[in-house]
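Down below is the structure, laid out as structure tokens.
There are 2 protein chains.
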Amino acid sequence: MGKDSSTRPAPPSGRRAERNRQAIVAAARELFTREGFEAGMDQIAAEAGVSKVTVYNHFGSKEELFTEVVGQAMGEAHTTMAELAARLAGADDVREVLLDTARALVEAGTDPARLALRNLVTGELRRFPELGRAYQHSGPARSAAALGEVLTELCARGRLDIADVEVAVVQFFSLTLYPHLIAASIGGALPADLADRLLRDGVELFLQRYQAS
Amino acid sequence: MGKDSSTRPAPPSGRRAERNRQAIVAAARELFTREGFEAGMDQIAAEAGVSKVTVYNHFGSKEELFTEVVGQAMGEAHTTMAELAARLAGADDVREVLLDTARALVEAGTDPARLALRNLVTGELRRFPELGRAYQHSGPARSAAALGEVLTELCARGRLDIADVEVAVVQFFSLTLYPHLIAASIGGALPADLADRLLRDGVELFLQRYQAS
DNA sequence: TTGTTTCTGTACTCAAGAGTTCAGTTGGCG
DNA sequence: CGCCAACTGAACTCTTGAGTACAGAAACAA
Numbered sequence: 008m009g010k011d012s013s014t015r016p017a018p019p020s021g022r023r024a025e026r027n028r029q030a031i032v033a034a035a036r037e038l039f040t041r042e043g044f045e046a047g048m049d050q051i052a053a054e055a056g057v058s059k060v061t062v063y064n065h066f067g068s069k070e071e072l073f074t075e076v077v078g079q080a081m082g083e084a085h086t087t088m089a090e091l092a093a094r095l096a097g098a099d100d101v102r103e104v105l106l107d108t109a110r111a112l113v114e115a116g117t118d119p120a121r122l123a124l125r126n127l128v129t130g131e132l133r134r135f136p137e138l139g140r141a142y143q144h145s146g147p148a149r150s151a152a153a154l155g156e157v158l159t160e161l162c163a164r165g166r167l168d169i170a171d172v173e174v175a176v177v178q179f180f181s182l183t184l185y186p187h188l189i190a191a192s193i194g195g196a197l198p199a200d201l202a203d204r205l206l207r208d209g210v211e212l213f214l215q216r217y218q219a220s
Numbered sequence: 008m009g010k011d012s013s014t015r016p017a018p019p020s021g022r023r024a025e026r027n028r029q030a031i032v033a034a035a036r037e038l039f040t041r042e043g044f045e046a047g048m049d050q051i052a053a054e055a056g057v058s059k060v061t062v063y064n065h066f067g068s069k070e071e072l073f074t075e076v077v078g079q080a081m082g083e084a085h086t087t088m089a090e091l092a093a094r095l096a097g098a099d100d101v102r103e104v105l106l107d108t109a110r111a112l113v114e115a116g117t118d119p120a121r122l123a124l125r126n127l128v129t130g131e132l133r134r135f136p137e138l139g140r141a142y143q144h145s146g147p148a149r150s151a152a153a154l155g156e157v158l159t160e161l162c163a164r165g166r167l168d169i170a171d172v173e174v175a176v177v178q179f180f181s182l183t184l185y186p187h188l189i190a191a192s193i194g195g196a197l198p199a200d201l202a203d204r205l206l207r208d209g210v211e212l213f214l215q216r217y218q219a220s
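Chain order of the listed sequences is C and W. FYI, in the working numbering the residues of the first sequence are 8 to 220. FYI, in the working numbering the residues of the second sequence are 8 to 220.
As structure tokens, then:
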């Protein structure tokens, strides 16, 4: 009967509505990554070229909008790693491809927009506890799983010899990507030359341990 | 001449004032780490058992108080690493001591209060850009330098053989501490058994590469 | 003791920003 | 065309929290 008081009116639909929705999320993403969660709804609405009321028609609250933004960014993040893993799986020269993978991983992982979002999630963990878990699950965890499968595959094909794949996966991330994330988490960045040595040496270290003899 | 309009009245001095100052910083630290920068000044004053006005007599603003809290925590953080490095320097059995060092490092680095503060700094980077640099400089950078010296020393004594000490230092941190920091930065924690394998295996990996032959 | 500094408690100002209201407009679908 | 859902814009409410004012009490120093 009539309107359910616990259900808010369905979000707008239609051509225009869809356009607006996209614009809002894009604007929100832009502003959140640039100014943090402090970015104002008025500001976001303005940037999206839309009235504030429209924003609230699409997303019931700021929290909801933020969740949408972060959620959207996650899918993209994992895509990268999935592609990398695919390329790695068919490798002939493991060293070569592992180096490429590491390079691409670092490049993707140090993209300023992505880093800003990462740090944003970190900072708003208290406000969005679920978001941390979601981020973990649909980002890092899936990437780790993907890399794990590939490493297992490479073991089966006799290119690598890894006793504890779970550990090896973490080590690979640790030796390549993590130093950058750590630096970025306090607003810094690794000097280019150190980053380069770290990358080469990291892959070397990894192979020295796990390359099939 | 009288009072300089650009200079605020000197902070209170005296026995009682000192006691209060301590209490305020302690309370602020407690509340900031527990509730983030959103913790209210009223709340802090109450926790310190002091009037809000008193807080403002000692620290001109919330920003100032926050800076004081973080600054204070930094000194302590480095102390740990300095001690570890000292113990490591005189090592006979490098493997053994390296393992201990790693264990202690992880233990210290995963202390909830410290992690909370780390993540807090990450989240407030936009508000306090200097703080990131200060944190970097007086925490990680000093610790890295300390470990670097020790590794160099161990090379000189023929226990290790490291070509690029700067890289080796980062690798050591990466293989032991960083996975924990990364997990914590999105609100997670490594499963105990994985953490354990990671630690042992990390040290092994490190030694396999750098132990003098 | 006496004078000064510091502290208390309460009540206040002020600014910012989330979310709402509403009367009126516009885009798009049948 | 003609209707309705979606949108505008501007003014408005409410909450929250930083920082202040002030008059009186307590500590402390000389």
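Glycine is no exception: its CB is placed at the ideal position from the N, C-alpha and C atoms. No experiment lies behind these values; they were computed from the predicted model shown.
Check, Outcome
"Three-state class that DSSP yields for L106/W in the structure shown", "helix"
"C-beta neighbour in chain W for Y142/C, strict 8 Å", "yes"
"DSSP-derived helix/strand/coil call for L112/C", "helix"
"Classification of T86/W by the beta-carbon crowding that lies within 10 angstroms, buried from 16 upward", "exposed"
"Exposed unless 16 or more other CB atoms sit within 10 angstroms - verdict on G97/C", "exposed"
"Selection from D118/C, R15/C and A30/C that minimises the alpha carbon distance to E54/C", "A30/C"
"For L182/C, the three-state DSSP class (helix, strand or coil)", "helix"
"Residue-chain proximity (E173/W, chain C), Cβ-Cβ < 8 Å", "yes"
"Chain-ordered chain C contacts of R29/W [CB-CB under 7 Å]", "Reading off the sequence, residue 29/W comes out as Gln, not Arg. Within 7 Å Cβ-Cβ: nothing; Q29/W doesn't reach chain C, min ~26 Å."
"Which listed residue (G209/W, A163/W, L122/W and R149/W) has its alpha carbon closest to that of A219/W", "A163/W"
"Inter-residue spacing [alpha-carbon to alpha-carbon] between R28/C and Y142/C", "22 Å"
"Chain-ordered chain W contacts of D208/C [CB-CB under 8 Å]", "D171, V174 and Q178"
"DSSP state of S13/W mapped onto helix, strand, coil", "Residue placement at S13/W is poorly supported in this model, since its pLDDT is 49, which falls under 50; the coordinates still yield a value, given next. Coil at S13/W, not helix or strand."
"C-alpha gap between F73/C and H65/W, whole angstroms", "37 Å"
"C-beta contact flag for L182/C and S181/W at 8 Å", "yes"
"Beta-carbon spacing of V210/W, R102/W below 8 Å", "yes"
"Any chain C beta carbon closer than 8 Å to T129/W", "yes"
"Contact between the segment 108-117 of chain C and the segment 184-191 of chain C (3+ Cβ pairs under 8 Å)", "yes"
"Residue nearest to L161/C in terms of C-alpha spacing, selected from Y217/C, A34/C, G47/C and N126/C", "Y217/C"
"Neighbour flag for Y185/W against chain C, beta carbons, 8 Å", "yes"
"Chain-ordered chain W contacts of Q215/C [CB-CB under 8 Å]", "Q215 and R216"
"Under 9 Å by beta carbon: chain C residues contacting I51/W", "The contacting residues do not exist; I51/W stays about 17 Å from chain C at best."
"Residues of the segment 187-206 of chain C whose Cβ lies closer than 7 Å to any Cβ of chain W, in chain order", "L188, I189, S192, I193, G194, G195, L201, R204 and L205"
"When G155/W, P147/W and F135/W are compared against E173/W, the one with the closest alpha-carbon", "G155/W"
"Proximal chain C residues relative to S181/W, where beta-carbon distance stays under 7 Å", "S181, L182, Y185 and P186"
"Interface flag, P290/C vs chain W, CB-CB below 8 Å", "Past the edges of chain C, shown from 8 to 220, lies residue 290/C, and the structure says nothing about it."
"Minimum Cβ-Cβ distance from N64/W to chain C less than 8 Å", "no"
"Simplified DSSP state of L138/C, which is helix, strand or coil", "helix"
"Below-8 Å beta-carbon distance, A89/C vs any chain W residue", "no"
"Residues near R36/W in its chain [Cβ-Cβ closer than 6 Å; skip 5 each side]", "V76"
"Helix, strand or coil at L167/W according to DSSP, with G and I counted as helix", "strand"
"beta-carbon A46/C near the ligand MG non-hydrogen atom, thresh 7 Å", "Inclusion of the ligand MG in the displayed structure is not the case, the ligand content being empty and no account of it being possible."
"Distance between beta carbons of R140/C and G194/W, contact taken as under 8 Å", "7 Å"
"N-terminal and C-terminal residue of the alpha helix (DSSP H) that H144/W is part of", "No alpha helix (DSSP H) contains H144/W, which DSSP labels as neither H nor E."
"Proximity below 8 Å, CB of L158/C to CB of A170/C", "no"
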